[in-house]
Amino acid sequence: VPSYRLKIPGTSETVNSYEFTENRNRLVVFTNTTQEVWGGDKGDYWIMDIGLWTWIKLGGNAPSQSLKGAKFSPDGKKVCYQKDDNLFVEDFTSFQIYQITNTGSKQRYDGDWGSGSNYYWSPDSRLIAFVESDISEVPMYTIINNTETLYPKIIQFPYVKVGQKKASSRIGIVKSCGGPIKWMDIPGITSDDYLRVHGWAGNSDELLIQVLNRTQDSARIILAEISSGDLTTIHTETDEAWLCNNNFEWIENENKFIWMSEKDGWQHLYLYTRAGKELGLLTPGNFDVVSVSGIDEKNGCLYYIASPDNPTQRYLYSTSLSPGGKQERITPDSLAGTNSYQFSPDMQWAIHNYSTFDNPPVYQLISLPDHKIFKILETNDELKKKLELLERNPTEFFRVDIGNDVELDGYCIKPSDIDYSKKHPLFYYIYGEPAGQTVLDRWHGRQYLWHLMLAQKGYFIMSIDNRGTPAPRGRAWRKSINGQLGILAVHDQAAATKKILETRPYIDSERIGIYGHSGGGQMSLNLIFRYPEIYSLAMPSSFVCNQRYYHPGYQEKYMNRLEDNEDGYINGSPITWAHQLKGDLLIIHGTGDSNVHYQSFEALVNELVAHKKRFSMMSYPNRNHGLREGTNTQYHLYDLRTNFLLTNMPPGGK
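Written out as structure tokens, the structure reads:
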């Protein structure tokens, strides 16, 4: 296909995402996005007809950057999207635009406020099921944009914080051309529950609904009949800590389903009848299923990602769709590292992505289940040639024993020229929270190159995955931090550093720094505040300084309700320990952060000032959580960190 065919007419915008129709004859393209706000990005959507090579912009006369969440109907003839908190359907046969909900407003949000796209087309393309959120009692959060207009621009959006009343929800069903909305009556649901549609139950008459309680340790899966309103609970799941992100997959014409659970201590896949009777475990063994990759019903095969022997790597496995099947590794043994797959609809082909920490991705088209290479799509040879010119040592993966039968995974990027008779500085990259794992044997792109540059200057670069990170090391590993976010993980990190100092005499105990973003920023603050005798420098960005400032969907999941764990919230919050700062601190935040608010940054500034602490700070005007908006922002951020590190914790051996 000539490249000009893929260019949106009259624009120079980059493509943010795209989606094909089921028959692959049309493509919906998302572009020209605004900075994210709570509830999802807005932007422009275009439809490309692959047969005619024509482009149609969705929304009619809608203002630029005003649409979000566009989804094709199953027949590919319509698209539903959100605008002005309501749902609209654009019909490509009649070229009509239908506003199918009119309850969206400053008080209500159709399509699920918070996720931005919780609505589903029925299989026959006639109906749309959606979640409506009542945000009338949710306080508005205000962000001030001082840089785009002569007078400040005020941005407001509803945001629930820990302990506050959350939005209540209900589920509606409406015809794709509009009309009366049928609201589902779900007994026993409260405003504290999280309500979502899992999708249609294999037909256009029944919905699959999930009700999750506020602390996310109890869930009900409900089969709802649209016409009668009858509800049948087909599965319930509880956990003493919190529930994992459950996969739900229909098979055998929706007569059976596959469900992910940690109930035996490992994250596994179970088979159930449509009525909810458990038929057995599909993936037995002392290992975690990381994710479901695909289901090949024709050949009775389930594909999933796992790594039973090394939690830093990922491989493709298969098993039978019947309990008792053999677990078979599909990824060849020669591909040690991280492997991911995008399957074709017929499950006979996949685009395979393979990389390691030191080697960029290779993309190839393979056949399944034999994993034979049909075509190499991208080798990244040009990048590899440039990497060969750089001075670098192979990255070391290791484990550190912190006692009590706990071993933590880590990696180390070593300086290219090491004098082991001298003491060298150690600089950590950290995340450490349940939403992410840093110690992964895969290509890390720009971040790796920055770390490599620092290693060339004379720093040892390390990262450690503490308990509570989502590594495939069993339920007990992940749930150990229940109720003590920012407490147990901080202990693990400090214990690992002490052990590293004992076992690696070439590390300088007087020069140990740390940096992290978001949750990693919070961890960095906790470490330099709580262990000032270990860490001499920290550079946190976009952090939560007080756990009460964050939203309950994340914070209460891991910390429980504020009234049940107030001490945990206090002790896990960096601001509690700010008075203990002794080292060099650079704090960084975007003033337009709609996820972790600038309020958190300013509160910490006040606390540090109150205790007469010296520190450095950088505010990026109107940047959001990722600190990416604006010309050269990322360059400036990396340059800022580099110079602060070089100035305050000089590299090289002593």
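All residue numbers for the sequence shown refer to the working numbering, where the first residue is 257 and numbers rise by one. The beta-carbon is built from N, C-alpha and C at its ideal position, and this holds for glycine as well. None of the values given here were measured: they were computed from a predicted structure.
Rounded separation between residue i and residue j - CA only
i    : j    : result
P265 : Y610 : 35 Å
S850 : Q412 : 10 Å
F344 : G419 : 34 Å
T488 : N511 : 15 Å
P414 : P395 : 6 Å
V453 : S856 : 33 Å
Y878 : I410 : Checking the sequence, you will find Asn at residue 878 rather than Tyr. Looking at the two C-alpha atoms, the distance is approximately 11 Å.
Q352 : D565 : 56 Å
V467 : Q712 : 52 Å
A326 : H707 : 38 Å
R470 : P588 : 43 Å
P436 : I478 : 24 Å
N279 : M304 : 13 Å
I674 : R884 : 35 Å
T446 : I669 : 50 Å
K298 : L308 : 28 Å
E493 : E766 : 49 Å
Y876 : Y891 : 13 Å
N509 : N555 : 15 Å
S780 : K417 : 23 Å
Under 9 Å between C-beta atoms of residue i and residue j
i    : j    : result
A480 : G428 : no
G724 : S829 : no
I717 : Y685 : yes
H845 : M874 : yes
L841 : S872 : yes
F630 : S549 : no
G666 : I720 : yes
N317 : D300 : no
Y805 : V852 : yes
F900 : L818 : no
S484 : D380 : no
H627 : I586 : yes
S320 : D340 : no
L682 : I737 : no
L624 : A606 : yes
Sequence-distant residues of the same chain with beta carbon closer than 7 Å to residue i, five excluded per side
i    : result
E393 : K421
L527 : K512, I514, L535, G536, L538 and P579
F785 : P830, W833, A834, Q836 and L837
I399 : I411, G848 and S850
Buried or exposed by the 16-neighbour rule on C-beta atoms within 10 Å, applied to residue i
i    : result
H491 : buried
Y407 : exposed
Q778 : buried
K324 : buried
F799 : buried
K582 : exposed
S268 : exposed
H867 : exposed
C557 : buried
A423 : buried
Q703 : exposed
G848 : buried
V865 : exposed
D544 : buried
T651 : buried
R648 : buried
Other residues of its chain near residue i: CB distance less than 6 Å, five sequence neighbours each side excluded
i    : result
R426 : E388 and W439
R698 : T594 and S611
F348 : K333
I826 : T832
E518 : C500 and R731
S596 : N609
C433 : Y354
G455 : Y376 and L464
Any chain D beta carbon closer than 9 Å to residue i
i    : result
S378 : Among the protein chains of the structure shown there is no chain D, as only one such chain exists.
Sequence-distant residues of its chain with Cβ nearer than 8 Å to residue i (five each side left out)
i    : result
N358 : N342
Y925 : Summary: the structure shown does not reach residue 925, with the chain confined to residues 257 through 910, and so no result is reported for it.
Q) At which residue ranges does the region 301-333 contain complete beta strand (DSSP E) runs of 3 or more residues, listed in the order of the chain? A) You should have 310-313 and 324-328.
Q.
I'd like the ranges of any beta strand (DSSP E) spanning at least 3 consecutive residues and lying wholly in the region 604-671.
A. Listed in chain order, the beta strand (DSSP E) runs fully inside the region 604-671 are 605-612, 615-623, 629-634, 652-659 and 662-669, counting runs of at least 3 residues.
Q | alpha helix (DSSP H) runs contained entirely in the region 484-555, provided each spans 4 or more residues | A | Taking 4 residues as the minimum length, the region 484-555 contains no alpha helix (DSSP H) run wholly inside it.
Q | Inside the region 696-774 only - beta strand (DSSP E) runs reaching at least 3 residues | A | Runs of the beta strand (DSSP E) lying entirely within the region 696-774, each at least 3 residues long, are 716-721 and 763-773 in chain order.
Q: Let me know the beta strand (DSSP E) ranges lying completely inside the region 449-483, each 3 residues or longer, listed in chain order.
A: If we require 3 residues or more, the beta strand (DSSP E) runs fully inside the region 449-483 come out as 450-456, 462-468 and 474-481.
Q.
My parser needs the beta strand (DSSP E) runs of 3 or more residues fully inside the region 382-450; what are they?
A. Runs of the beta strand (DSSP E) inside the region 382-450: 383-390, 396-401, 409-414 and 424-431.
Q.
Which runs of the alpha helix (DSSP H) at least 4 residues long sit entirely within the region 868-909? Give them in chain order.
A. Along the region 868-909, the alpha helix (DSSP H) occurs as fully enclosed runs of 4 or more residues at 889-904, listed in sequence order.
Q: Can you check the region 779-808 for any beta strand (DSSP E) of at least 3 residues that lies completely inside it and give the ranges in chain order?
A: 793-797, all fully within the region 779-808.
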